[in-house]
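Asks: Here the protein sequences line up with chains Z and H, keeping their order. Just so you know, we're using the working numbering here: the first sequence kicks off at 1 and counts up by one. Just so you know, we're using the working numbering here: the second sequence kicks off at 412 and counts up by one.
Number of protein chains: 2
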Amino acid sequence: MKPLGPIPPHFASAGNDLLIGGRTAQSLAEAHGTPLFVYDAGAVRARVAALRAALPARIRLHYAVKANPFGPLLALLDGLVDGFDIASAGELAIIAAQGIDPARAGFAGPGKRDSELAAAIAAGVTLHCESAREVERALAVAPSAGKRARLAIRVNPDFDLRGSGMKMGGGARQFGLDAERVPELARHIAHSEAEWRGFHIFAGSQALDADAVIATQAATLELAARLAGEAGVDLPALNLGGGFGIPYFPGDMPLDLAKVGAALAERLADLPPVMAQTALTVELGRYLVGEAGVYLTRVIERKESRGEVFLVTDGGMHHQLAASGNFGTVVRRNYPLAIADRMAEPVAEAASVVGCLCTPLDRLAEKAGLPRADEGDLVAVFCAGAYGATASPSAFLGHGPATEILVDSNA
Amino acid sequence: MKPLGPIPPHFASAGNDLLIGGRTAQSLAEAHGTPLFVYDAGAVRARVAALRAALPARIRLHYAVKANPFGPLLALLDGLVDGFDIASAGELAIIAAQGIDPARAGFAGPGKRDSELAAAIAAGVTLHCESAREVERALAVAPSAGKRARLAIRVNPDFDLRGSGMKMGGGARQFGLDAERVPELARHIAHSEAEWRGFHIFAGSQALDADAVIATQAATLELAARLAGEAGVDLPALNLGGGFGIPYFPGDMPLDLAKVGAALAERLADLPPVMAQTALTVELGRYLVGEAGVYLTRVIERKESRGEVFLVTDGGMHHQLAASGNFGTVVRRNYPLAIADRMAEPVAEAASVVGCLCTPLDRLAEKAGLPRADEGDLVAVFCAGAYGATASPSAFLGHGPATEILVDSNA
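#1: For chain Z, check one thing: does any of its Cβ atoms lie closer than 9 Å to the Cβ of arginine 713(H)?
#2: Is the CB of threonine 281(Z) under 9 Å away from at least one CB in chain H?
#3: Please list, in chain order, the chain H residues whose beta carbon lies closer than 7 Å to that of valine 330(Z).
#4: Can you pull the DSSP bridge partners for cysteine 769(H)?
#5: Give the residues of chain H in contact with asparagine 326(Z), contact being defined as C-beta atoms less than 7 Å apart.
#6: Is there a Cβ from chain Z that is less than 9 Å from the Cβ of glutamate 760(H)?
#7: Which residue from Arg154(Z), Ile405(Z) and Pro346(Z) puts its Cα closest to that of glycine 369(Z)?
#8: What number of angstroms, rounded off, separates the C-alpha of tyrosine 287(Z) from the C-alpha of aspartate 451(H)?
#9: Span of the beta strand (DSSP E) holding valine 294(Z)?
#10: Consult DSSP for glycine 400(Z) and reduce its assignment to one of helix, strand or coil.
#11: For arginine 434(H), which three-state DSSP category applies?
#12: With C-beta atoms as the reference, is valine 354(Z) less than 9 Å away from leucine 296(Z)?
#13: Hey, how far is the Cα of proline 483(H) from the Cα of serine 131(Z)?
#14: Relative to the C-alpha of asparagine 650(H), which candidate in Ile816(H), Glu677(H) and Cys540(H) has its C-alpha closest?
#15: Less than 9 Å between CB atoms is the rule here; does valine 705(H) satisfy it with respect to chain Z?
#16: Quickly, what does DSSP pair asparagine 156(Z) with across the bridge? List them, please.
#17: At the level of alpha carbons, what is the spacing between alanine 43(Z) and proline 420(H)?
#18: Just mark proline 684(H) as buried or exposed, buried being the case when its beta carbon has 16 or more other beta carbons within 10 Å.
#19: Nearest chain H C-beta to asparagine 156(Z) closer than 9 Å, yes or no?
#20: Mark serine 392(Z) as exposed unless 16 or more other C-beta atoms lie within 10 angstroms of its C-beta, in which case mark it buried.
#21: Which of the three DSSP states is assigned to threonine 627(H) in this structure?
#22: Tell me, please, whether the CB atom of glycine 522(H) is closer than 9 Å to any CB atom in chain Z?
#23: Tell me which residues share the same chain as arginine 181(Z) and place their Cβ nearer than 6 Å to its Cβ, disregarding the 5 neighbours each side in the sequence.
#24: Who are the Cβ neighbours of threonine 627(H) in its own chain at under 6 Å, not counting the five residues just before and after it?
#25: Taking CB distances under 9 Å as the criterion, tell me whether isoleucine 497(H) reaches chain Z.
#26: Can you tell me whether DSSP reads aspartate 622(H) as helix, strand or coil?
#27: Counting only beta-carbon separations shorter than 9 Å, does glycine 79(Z) have a partner in chain C?
#28: Answer with yes or no whether the minimum CB distance from serine 144(Z) to chain H is below 9 Å.
#29: Does valine 330(Z) come out as helix, strand or coil in the three-state DSSP assignment?
#30: Does chain Z have any CB closer than 9 Å to the CB of valine 723(H)?
#31: Return the first residue and the last residue of the alpha helix (DSSP H) that arginine 60(Z) is part of.
#32: How far does the alpha helix (DSSP H) with serine 424(H) in it reach, from first residue to last?
#33: Could you work out which residues of chain Z lie near alanine 639(H), taking near to mean beta carbons separated by less than 8 Å?
#34: Determine the contact status of histidine 473(H) and glycine 517(H), defining contact as a CB-CB distance below 9 Å.
#35: Label proline 336(Z) either buried or exposed according to how many other C-beta atoms from any shown protein chain fall within 10 Å of its C-beta, with 16 as the threshold for buried.
#36: In angstroms with no decimal places, state the Cα-to-Cα distance between alanine 93(Z) and glycine 83(Z).
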């Protein structure tokens, strides 16, 4: 039997029924069909509240749209966070469609096309420029965009986020400008037609170790101050990146948010003068919405093959690539998963939960200890709120995308 | 420097320009924009012709739609192959939309919904049933579908395809019915209201070793004969699976098709009486279209970071998940790739080709030996004809899907 990841603690059950946003998973599946992504507005609100309580009041919270661009979720977040981070003109259109003011957004990402730069400038988005060449292109397109470009520099730091799931800094990278080349470019922007907006320093993501996050934030503040000093420019804004991880796998422990917040407060009490007025932002995607989402899929068949049990579902890796172990993971481990209509039943067997795709890659859980489940039962895959629906190959094998809904027990 | 995979030998250049279907990659990119999938009809025809020449005339060729469901490609294949294999009701709708007769199709895949079974039966599709329960469900829905169900059994063999990229048989599997339980179910179908259509035995995919394919085909024929004999049923049809691989990575050698064909001819000369009239099918997806496709993406920026060169393109893993190393591969290796407008230039440097997604997973080639390329140059990723556009998370980060075109120098 292989262990399952930890179910996020905010989920409760009523008898055998998993509750999501105050409703049973079964009733949601009946009303909306399966496979179904359900995002719990209350869990997102609670997460933002926990962040506001733990982090110094001066810290601005941004939501990284790439984690989950579902419209109603963005509309909810619009009332909760201080801004948005986008990574394409497509994401700019997505936030604009939700009525979100693009002037509250930053745009980072390598390979921005001229048309994307122009659209962002016209909309008042702050560009986190990844290179000197990108700054040059942004300044060149700005006049035709009819607006003053708002330019920040994305810095490739000379450190990374220790223990992070994905390193985005340190060494040679496609992201950002190498730190050592930043001062010259910062001066150039500050003396250009553009509005100088400071730095964006993103060292990694999905870290569960508070000490690693604390060390990275300290190094980020120090690097930003040093670079601004060397450049002789002021520092209107600094995006400190994010990197706050969520527990996916057996043994993962939640990030100690209070510890991160306390350490950050200490740092803020001791900032150099160049940062006295700097708008400090933490950018989070997965940490805000990941644990708020559940993917529900129905068991089409219970199958036994040579002594092993397979629960064949109507969902799969075309919606849950990461849970299948095919998205940036080397060793496949089980996500948190449960039989959503048998929550009170004891573990009865080892079962593999697979999807309906005709490929052996399509596994949602491997030899997991589960109650005995049968045709018609409902499987819940947790931690499905981020990098699920849009980070999966939904056209693969023609089953099409899953329905997504936001449930709100307060609404 | 890390080596690149081998460029399929049918591609030629005119000076610096890569040719695809008789046209320059540059002209195609200018006419249709980038990123762009280009499928070469001539390459598909040549591949089918090579198969017809190598394999015994009795072997029927099927195309596995999952490899690439692009409409014009399906329409082309409709005139070249003897049938189609689909894996969902979605794929049934896709072939029907191309005017392909669904009676020429087989439907395999775990987790077929009742609605999918009904749609397939109504359309005359042969169902490759994955379990006794699925046969039961098919027989139950058939009356309402208004047609006699055509049922075959997908067999989970007690062997796998040695050296295959993906094992689909042997041991406990979600695919097919364990061989030892097949005779009873075969008898049941043969004596039911349904039309008995024989077996489907798929032991693995992406094998480059002719001896492994030969051994699997021999074992498949033997198993099918034995199971039919034990069941005391005739064997109207047998899908031998596919598994023919294509070279993706450095050192990969093409499958020796002549050797496979010669061995199969020997086997067919010596078949038991139960197979005298059996329709024998080889089902291929990747092998038919994989090498016919090229993914073209434009360099947005040439970037140097701490001594390394990055070519940042307007494409990426949202269209080419497999090339990025995030689709069923443990160790990332480079696909074949070239600078499509500098084909005659010598290797000048090691460069990493990355996409425009804001994630370090988005790499199309790592430290590849390439001519010096710059902003505006065109990158060609080869072997992009199968498991590309639809097997990638095209909604990720909002850049949207790539355009796809079929070029035909004979048209």
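Note that the Cβ used here is the ideal one computed from N, Cα and C, for glycine as well.
Replies: To lay it out plainly:
#1: With a threshold of 9 Å between beta carbons, arginine 713(H) makes contact with chain Z.
#2: Contact with chain H is absent for threonine 281(Z), since none of that chain's Cβ atoms lies less than 9 Å from the residue's Cβ.
#3: Per Cβ cutoff of 7 Å: Val741.
#4: Looking at the DSSP output, cysteine 769(H) shares a beta bridge with no other residue.
#5: In chain order: Asn737, Phe738 and Gly739.
#6: With 9 Å as the cut-off, glutamate 760(H) does not count as an interface residue toward chain Z.
#7: Nearest option by C-alpha distance: Pro346(Z).
#8: Tyrosine 287(Z) and aspartate 451(H) have their C-alpha atoms roughly 44 Å apart.
#9: Secondary structure note for valine 294(Z): its beta strand (DSSP E) is the uninterrupted segment 293-305.
#10: Correct three-state label for glycine 400(Z): coil.
#11: DSSP places arginine 434(H) in strand when its eight states are reduced to three.
#12: Contact check for valine 354(Z) against leucine 296(Z) fails: the beta carbons are separated by 9 Å or more.
#13: If you take the alpha carbons of proline 483(H) and serine 131(Z), they lie about 40 Å apart.
#14: For asparagine 650(H), the nearest C-alpha among the options comes from Cys540(H).
#15: So, not an interface residue.
#16: Asp178(Z).
#17: Distance between the alpha carbons of alanine 43(Z) and proline 420(H): 55 Å.
#18: Around the Cβ of proline 684(H), a 10 Å sphere holds fewer than 16 other Cβ atoms; the residue is exposed.
#19: Chain H, which has a Cβ nearer than 9 Å to the Cβ of asparagine 156(Z), makes this yes.
#20: Serine 392(Z) should be labelled buried.
#21: Threonine 627(H): helix per DSSP, three-state reduction.
#22: For glycine 522(H), a Cβ of chain Z is located within less than 9 Å of the residue's own Cβ.
#23: Taken in chain order, the list of residues that qualify is empty.
#24: Closer than 6 Å at the Cβ level, and outside the excluded window around threonine 627(H), lie Leu572 and Ala614.
#25: Interface residue, yes.
#26: Of the three classes helix, strand and coil, the one that applies to aspartate 622(H) here is helix, per DSSP.
#27: The chain labelled as chain C is not found among the protein chains of the depicted structure, namely Z and H.
#28: Not one chain H Cβ lies under 9 Å of serine 144(Z).
#29: It is coil, neither helix nor strand.
#30: Yes - at least one Cβ of chain Z is within 9 Å of the one on valine 723(H).
#31: Here arginine 60(Z) belongs to no alpha helix (DSSP H); instead the beta strand (DSSP E) covers 59-64.
#32: From DSSP, serine 424(H) is part of no alpha helix (DSSP H) but of the beta strand (DSSP E) over 423-425.
#33: Counting only Cβ-Cβ distances below 8 Å, alanine 639(H) has no contacts in chain Z at all, with the closest Cβ about 21 Å away.
#34: Yes; because the gap between Cβ atoms is below 9 Å, this pair is in contact.
#35: So proline 336(Z) counts as buried.
#36: For alanine 93(Z) and glycine 83(Z), the distance between alpha carbons rounds to 15 Å.
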